[in-house]
Every structure is written in C-alpha cells, then in structure tokens.
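**Student:** One structure, as structure tokens, below. Some questions next.
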Amino acid sequence: MVKTLCLAFVFGAAWAAPCLAKKTAPRRPKIEFSTSVEGGAFPSTFREDFAETLSEHPRGRFARAYRGDRAALRHYFARAQDVIEEGDGSRPMSYVLLKLLFGCRDYRFSRALEPEDFATRRAVGRLLDPLLVRHRLSYPLTRSTYRPRPRPQPRAAIPRD
21 MVKTLCLAFV
31 FGAAWAAPCL
41 AKKTAPRRPK
51 IEFSTSVEGG
61 AFPSTFREDF
71 AETLSEHPRG
81 RFARAYRGDR
91 AALRHYFARA
101 QDVIEEGDGS
111 RPMSYVLLKL
121 LFGCRDYRFS
131 RALEPEDFAT
141 RRAVGRLLDP
151 LLVRHRLSYP
161 LTRSTYRPRP
171 RPQPRAAIPR
181 D
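In terms of our numbering, the sequence shown is residues 21 to 181.
Right under this line is the structure:
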C-alpha cells in the first residue's frame with residue numbers, strides 16, 4: 021500500500037486510482053440456459069423446462085447440482101437408480117442427467133459419481149450412454165465410471181535361473 025502511494029505521487033494519482041480502489045468479490049454469473057438454439061441435444065420442451073427451473077429457483081437443488089454440488093448430484097444419481105428399477109420416466113431423467121453433465125463438465129461429474137456403488141453408476145450409465153452415443157459426445161471420465169472394468173488375469177510365474 022505504501023509503495024502504491026509513493027508511486028502515485030511520482031507518476032500521478034490517475035495511475036494509482038485503480039490500485040487504491042476497494043476490491044470486491046467477483047459476482048457469480050447468472051445461470052442461464054439459452055432456448056433460442058434449435059436442435060442440439062435437448063428437445064424444445066426440455067430446454068424450456070430447464071430454463072424455467074434455473075431462472076425461478078437459482079438456489080434450488082437442480083441449480084446446485086448444475087454447479088457441481090456433490091450432495092445435490094447424489095440425489096439425482098439415487099433418483100436415476102430408482103427410475104431404472106421402476107422402469108418408467110427414463111427419458112426425462114436421461115435429459116436431466118445430460119444437462120447436469122453439461123453443467124458440471126466431465127471431471128466434476130465423474131468425481132461425484134465415483135464414490136457411488138456400482139448399481140447406481142450403472143443406472144446413470146444406462147440413462148446417459150444412449151444420449152452420448154446418439155449426439156456423439158465425448159465424456160471419457162464419466163463413461164469410465166459406469167462401465168465395468170476388466171479384472172486383470174493372473175499370469176503364470178516366470179522361473180528365474
């Protein structure tokens with residue numbers, strides 16, 4: 021601060037004005053989901069519903085999950101498993117999970133999905149994978165969490181001379 025004041029007197033006060041201004045925390049950008057784009061991964065009805073939900077409830081569970089909150093994401097993962105077990109309503113839930121994946125991005129979504137049990141991860145995969153394949157989307161970390169991993173085969177010991 022003292023160095024800035026000294027430089028202000030030497031080079032002029034106009035130069036130091038931005039340095040001396042009170043610093044405020046940056047504001048979080050408002051969550052928006054553009055509904056003007058035609059086509060894409062989401063049908064228009066889902067696009068409108070997501071835009072309405074995010075604008076009316078900016079601190080709701082869906083908005084928190086969209087930002088990457090693990091507790092909110094865990095709720096949607098558990099709901100995905102319930103949807104698979106019940107066998108109905110899988111299409112809307114697929115688009116909800118895809119929207120959350122778009123919001124969280126691959127790394128954060130996969131890190132939230134990793135600690136879940138395999139049945140939950142498989143349910144999320146069964147809902148997400150058809151949309152990822154259809155729209156040619158690449159989310160390798162997320163896909164690796166719900167695909168069964170091959171077990172290593174035991175190798176015969178090589179005798180040493």
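Glycine included, C-beta positions come from ideal geometry on N, C-alpha and C.
Here the structure is a predicted model, which is why all the values come from computation and not from measurement.
Note down, one range per segment and in chain order, each beta strand (DSSP E) of at least 3 residues found wholly within the region 50–122.
**Tutor:** Scanning the region 50–122 for uninterrupted beta strand (DSSP E) segments of 3 residues or longer gives nothing; none is fully contained.
**Student:** Classify GLU136: buried if its beta carbon has 16 or more other beta carbons within 10 angstroms, exposed otherwise.
**Tutor:** Label assigned to GLU136: buried.
**Student:** Where do the N-terminal and C-terminal ends of the alpha helix (DSSP H) with SER164 fall, by residue?
**Tutor:** 160–166
**Student:** Could you tell me whether the Cβ atoms of PHE129 and LEU161 are closer together than 9 Å?
**Tutor:** yes
**Student:** With DSSP collapsed to three states, give me the class of LEU25.
**Tutor:** Residue confidence for LEU25 is low, a pLDDT of 44 falling below 50, so the modelled location carries little weight; the figure read from the coordinates is stated next. Look at LEU25 here: in three-state DSSP terms it is helix.
**Student:** Helix, strand or coil for LEU148, going by three-state DSSP, please let me know.
**Tutor:** helix
**Student:** Take ARG94 and list the residues in its own chain whose beta-carbon comes closer than 8 Å to its own, dropping the five residues that flank it on each side.
**Tutor:** ALA132, GLU136
**Student:** Return the chain-ordered list of same chain residues with a C-beta closer than 7 Å to the C-beta of PHE97, the five sequence neighbours on each side being excluded.
**Tutor:** LEU133, GLU136, THR140, VAL144
**Student:** For LEU148 and SER110, I'd like the C-alpha separation in whole angstroms.
**Tutor:** 10 Å
**Student:** Helix, strand or coil: how does DSSP classify ASP126 here?
**Tutor:** helix
**Student:** Counting contacts by CB-CB distance shorter than 9 Å, is SER110 in contact with chain B?
**Tutor:** The displayed structure is made up of one protein chain only, and chain B is not part of it.
**Student:** Can you give me the C-alpha to C-alpha distance between ARG146 and ALA83, rounded to a whole angstrom?
**Tutor:** In this model, ARG146 and ALA83 are separated by some 23 Å (Cα to Cα).
**Student:** Would you kindly work out how many angstroms separate the C-alpha atoms of ILE104 and ARG142, rounded to a whole number?
**Tutor:** Each residue's Cα considered, the two are about 10 Å apart.
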